[in-house]
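Visitor: Taking our numbering, I'd label the letters of the sequence shown as residues 117 to 528. We put the CB at the ideal spot given by N, CA and C, even for glycine. This is the structure, below, for whatever I ask next.
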Amino acid sequence: MTFFLILLYLAAGAGTGYGLFTLTTAGLPLSIAGGAGLAAVLIQIHVLIRTSLTAKAAKQVEQRVEGFEREITDTARRMNVVEARTDAIEETVKIELGERRDALVNEMRQLEGLIDKLTRSFETRLTDSTVAARVQPVEDAALRDVRDALKDGRVDLHLQPIVSLPQRRVTFYEGFTRLRRPDGSHITPADFLDAARRANLMGIIDNFMLFRCVQIVRRLAERDRRVGVFCNISSISLEDPTFFPMFLSFMTENRDLSGSVIFEIRADRFEQRSPTMRANMDKLTALGFRFSIDHVAGIDLDLPRLQAAGVRFVKVNGSQLIDQLRDPHGPRPLTALNRKLTGNEVGAAFSRYGIMLIAEKIEDEASVVEILEYEIPFGQGHVFSAPRPIKSSLMEDTAPPRELIERLSNYH
Numbered sequence: 117m118t119f120f121l122i123l124l125y126l127a128a129g130a131g132t133g134y135g136l137f138t139l140t141t142a143g144l145p146l147s148i149a150g151g152a153g154l155a156a157v158l159i160q161i162h163v164l165i166r167t168s169l170t171a172k173a174a175k176q177v178e179q180r181v182e183g184f185e186r187e188i189t190d191t192a193r194r195m196n197v198v199e200a201r202t203d204a205i206e207e208t209v210k211i212e213l214g215e216r217r218d219a220l221v222n223e224m225r226q227l228e229g230l231i232d233k234l235t236r237s238f239e240t241r242l243t244d245s246t247v248a249a250r251v252q253p254v255e256d257a258a259l260r261d262v263r264d265a266l267k268d269g270r271v272d273l274h275l276q277p278i279v280s281l282p283q284r285r286v287t288f289y290e291g292f293t294r295l296r297r298p299d300g301s302h303i304t305p306a307d308f309l310d311a312a313r314r315a316n317l318m319g320i321i322d323n324f325m326l327f328r329c330v331q332i333v334r335r336l337a338e339r340d341r342r343v344g345v346f347c348n349i350s351s352i353s354l355e356d357p358t359f360f361p362m363f364l365s366f367m368t369e370n371r372d373l374s375g376s377v378i379f380e381i382r383a384d385r386f387e388q389r390s391p392t393m394r395a396n397m398d399k400l401t402a403l404g405f406r407f408s409i410d411h412v413a414g415i416d417l418d419l420p421r422l423q424a425a426g427v428r429f430v431k432v433n434g435s436q437l438i439d440q441l442r443d444p445h446g447p448r449p450l451t452a453l454n455r456k457l458t459g460n461e462v463g464a465a466f467s468r469y470g471i472m473l474i475a476e477k478i479e480d481e482a483s484v485v486e487i488l489e490y491e492i493p494f495g496q497g498h499v500f501s502a503p504r505p506i507k508s509s510l511m512e513d514t515a516p517p518r519e520l521i522e523r524l525s526n527y528h
C-alpha cells in the first residue's frame with residue numbers, strides 16, 4: 117500500500133513539474149525542482165502520519181499488554197486467596213469429621229455399654245424371678261439359723277486387707293459379715309444371704325455389720341492407724357423405709373468417721389438405682405461418706421457420672437482388669453478426653469476424677485507383677501491375705517449392745 121502511494125506522490129510531483137513548464141515561463145530545471153519538491157513534501161507528510169499512527173498503535177498495544185498483565189496478576193492473587201480458603205475449609209472439615217467420628221465412637225461405646233448393662237439387668241431379674249418362684253420365704257432350717265443368729269447377736273466381722281501398690285502397705289480393710297450357729301460353726305454367705313433376702317432381714321444384717329465396722333474404725337483410730345473400712349451394704353437397705361432412717365441417724369452421730377467408713381454396693385445395683393436409693397445415697401454423701409462399687413464387669417465407666425454420685429472407689433476382678441488393659445481395643449473409661457486411653461493411662465484417668473481403682477481377687481504373684489505394670493494403685497486378694505476374723509477380745513468389745521439387738525429384732 118505504501119509503495120503505491122509513493123508512486124502516486126511521484127506522479128503528482130511529475131505532473132506539477134510538467135504544468136509549471138508548459139503553463140508558466142519557468143524553465144525546465146525549475147519545473148523539475150518544483151515537481152520533485154512537491155513529491156518530497158507529500159512523501160514526508162505520509163511518513164510523518166505513518167509514524168504517528170504506528171506510535172499510537174504501539175502505545176495502545178502496550179497499554180493493553182499492561183492491562184492484561186494486571187488482570188493476570190489479579191487473577192493469580194484471587195487464585196491464591198481461593199486456594200488458601202480451600203485449604204482452611206479442608207482443614208476445618210477434617211477436624212469436624214474427626215471430632216464427629218470420635219463423638220460417634222464414644223456414643224457407640226456408651227450404647228454398647230448400655231446394651232450390655234440392660235442385658236445383665238434382664239438376666240439378673242430373670243434369675244431373681246426364677247429363684248423367687250422356685251424358693252418361697254418358708255421357715256426352713258437356714259432361715260431359722262439366720263433368725264436365731266440375729267436374735268442372739270451372733271454376727272461376726274471378718275476383715276480382708278486392701279493394700280497400696282507397690283508398697284503392699286495395708287491402707288483399707290473390707291468387712292465381711294459372718295453369722296454363727298450356737299455351736300460356733302458359720303452359716304455360709306450363700307445360705308444366709310439368700311434366706312435374709314427372702315425374709316427381708318438384710319436391713320438388720322447391714323445395721324449389725326455397720327455397728328461393728330464403726331467400732332473397729334474407732335479402735336484403729338485409737339492406735340493412730342489411719343485405715344478405712346469398706347462396709348458392704350445392700351440396695352435393699354438403702355431403699356428400706358423402716359431401716360434406712362435408723363441407719364442414717366446412726367451415721368449422722370458418727371459423721372466424724374466419714375473419711376474412714378466407705379459403703380460398698382454392687383455395680384449392677386448401682387446402675388439400677390431407684391429414685392429412693394439415689395436420694396438416700398445423696399444423704400450419706402452430704403454427710404461426707406464415700407461409696408465403692410464392686411463386681412464391675414468392664415472399665416468402660418462414665419467417670420464424671422460416678423464422681424457426681426459420690427463413688428470414690430471402683431473394684432474390678434484382677435484377671436479381667438489385666439485382660440482389658442492389655443487389649444489396645446478393649447474397653448476404656450469415659451472421660452473428657454477426645455481420644456482412646458492406653459492401658460497405662462487408665463489408672464491415672466480414674467485418679468483425675470478422685471476415683472481409686474482397686475484390682476480385687478488377685479490370687480498369685482504373677483498377677484501382681486502384671487497389675488504393677490499398669491500402675492494400678494491398690495490390690496486385694498488372697499495373695500495378700502484372706503479374710504480373717506477379728507480377735508475374740510475385739511469381737512466382744514465391738515459387739516452391739518443388747519438394746520440395739522432387741523431394737524433391731526423387734527422391727528421384724
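1) Does Ala464 pass the burial test, meaning 16 or more other C-beta atoms within 10 Å, or should it be called exposed?
2) Rounded to whole angstroms, what is the Cα-Cα separation between Gly344 and Gln388?
3) Judging by CA-CA distance, which residue of Phe500, Met472, Ile471 and Arg468 is the nearest neighbour of Ser483?
4) Since Phe327 is in the alpha helix (DSSP H), which residue starts that stretch and which ends it?
5) Whole-angstrom Cβ separation of Leu281 and Ile487, contact assumed at under 8 Å?
6) Would you kindly report the start and end of the unbroken alpha helix (DSSP H) that includes Leu364?
7) Under DSSP, the alpha helix (DSSP H) around Val412 begins and ends at which residues?
8) Alpha carbon to alpha carbon, how far is Lys538 from Leu275?
9) With a Cβ-Cβ cutoff of 8 Å, do Phe346 and Gly414 count as a contact?
10) Please report the distance separating the alpha-carbon of Phe327 from that of Thr368.
11) Can you tell me whether Arg270 is buried or exposed, with buried defined as 16 or more other CB within 10 angstroms of its CB?
12) Here's the rule: buried if 16 or more other CB atoms are within 10 angstroms of the residue's CB, otherwise exposed. What is Gly497?
13) If you drop the 5 nearest sequence neighbours on each side, which residues of the same chain put their C-beta closer than 6 Å to that of Leu450?
14) Bridge partners for Pro277 per DSSP, in chain order?
15) Could you say which of Ile438, Gln440 and Leu354 lies nearest to Asp398 if we only look at CA atoms?
16) Which value, in whole angstroms, describes the spacing of the CA atoms of Ala306 and Asn348?
17) Go ahead and pull the three-state DSSP assignment for Phe308.
18) Shortest alpha-carbon distance to Val262 belongs to which of Arg285, Ala315, Val157 and Lys431?
19) Report buried or exposed for Asp268, applying the criterion of at least 16 other Cβ atoms within 10 angstroms of its Cβ.
20) Taking 8 Å as the cut-off, decide whether the C-beta atoms of Ala311 and Met318 are in contact.
21) Who are the near neighbours of Val286 in its chain, counting only those whose CB is closer than 6 Å to its CB and skipping five residues on each side?
22) What number of angstroms, rounded off, separates the C-alpha of Arg166 from the C-alpha of Gln176?
23) Tell me the DSSP secondary structure of His302 in three-state form.
24) Per DSSP, which one or two residues make a beta bridge with Leu450?
25) Applying the criterion that 16 or more other CB atoms from any shown protein chain within 10 Å of the CB defines a buried residue, is Met472 buried or exposed?
26) Specify, as a first and last residue, the run of the alpha helix (DSSP H) that Lys267 falls within.
27) When DSSP labels each residue in this structure, what does Leu441 get in the three-state scheme?
28) So is Ile161 buried or exposed if we call it buried at 16+ other beta carbons inside 10 Å?
29) Compute the Euclidean distance between the alpha carbons of Leu164 and Leu123, then round it to the nearest angstrom.
Guide: Reading from the atomic positions:
1) exposed
2) 27 Å
3) Phe500
4) Met318 to Glu338
5) 7 Å
6) Phe359 to Glu369
7) It is not in any alpha helix (DSSP H) - Val412 instead sits in the beta strand (DSSP E) that spans Arg406 to Val412.
8) This structure cannot settle anything about residue 538, because the visible part of the chain is limited to 117 through 528.
9) no
10) 13 Å
11) buried
12) buried
13) Asp418
14) Tyr289
15) Leu354
16) 15 Å
17) helix
18) Ala315
19) exposed
20) no
21) Pro277 and Val279
22) 15 Å
23) strand
24) Asp418
25) buried
26) Ala257 to Asp268
27) helix
28) exposed
29) 17 Å
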